[in-house]
Every structure is written in C-alpha cells, then in structure tokens.
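Position in the sequence shown counted from 1, then plus 621, gives you the working numbering.
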Amino acid sequence: MWAATILALSTGASIQPPQISHWLEPDKLAHAAAYFVMASLLLWGIHRSHRLQPRHFFLVLVFSSGYGISLEIVQWAFFPGRVFEFLDIIANIIGSFGSVLVYFLIK
622 MWAATILALS TGASIQPPQI SHWLEPDKLA HAAAYFVMAS LLLWGIHRSH RLQPRHFFLV
682 LVFSSGYGIS LEIVQWAFFP GRVFEFLDII ANIIGSFGSV LVYFLIK
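Structure follows, in structure tokens:
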C-alpha cells in the first residue's frame, strides 16, 4: 500500500517547492522520509513473520533502492514534465539505509 502511495506521488503533477540547496530541498527530505517509512514497513513485516537475518536487511535495501531507481526511470520515460533526478535516488537510498540503521540502534 505504501509503495502504491509513493507511486501515485511520484507520477502525479510536479510541485516545485522553493529551493534552499540541493540537499536541503523539501523534495529531497520528502524522498528520504518516504523511503525511510517504506523500508521500516518492510522490516516490520518481515520481523512479524520471521526472525530478521542479515540477508533481510540487504533485501530491504535492494528492494527499496531498486523501487526508487525504477520510479525515477518511469517518471522520465512516461510522464511529461517529470524528470530523472539522481539526487532523488540518493535521497531514497539514504532514507532506506536510515531505517535499517535505526532498527539496528533500537534492537
């Protein structure tokens, strides 16, 4: 469900927030937050049904990052007015990695 929400937001009309710097744009923070939540939900779901193993963390990072990369390509290829942004991918990966890091710190 969360992945569908990210898809809808990623392919909808583009809203240009004010630019502060490339890394502190609200857009990049939103990307990191969305993928932090996605990775957290994936970890929580796996944790509820299995004992988390190192491979699970790796798979969550690969899935979340791959989903973010795929959506950037889909935006560029199929949605006029949307562009491929490498920094969005970096923000997605940072959010996903942050979730795994927080999980390790709390557990």
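Every residue, glycine too, gets a C-beta built ideally from N, C-alpha and C.
Residue i, buried or exposed, once every other Cβ within 10 Å from all chains shown has been counted against 16
i	result
V683	exposed
Q696	buried
I714	buried
L663	buried
CA nearest to the CA of residue i, picked from the options
i	options	result
A629	E706, V721, E693, I715	E693
S717	A624, R676, A653, R672	A653
A624	S691, L708, H671	S691
Y724	E646, E706, P647, F678	F678
M622	G666, P647, E646	G666
Beta-carbon spacing of residue i, residue j below 9 Å
i	j	result
R703	T632	yes
S685	A651	no
CB-CB length for residue i against residue j, believed under 8 Å
i	j	result
G689	Y656	6 Å
V721	V681	7 Å
K649	A712	4 Å
**Message:** I'd like the ranges of any alpha helix (DSSP H) spanning at least 4 consecutive residues and lying wholly in the segment 639-681.
**Reply:** 647-670
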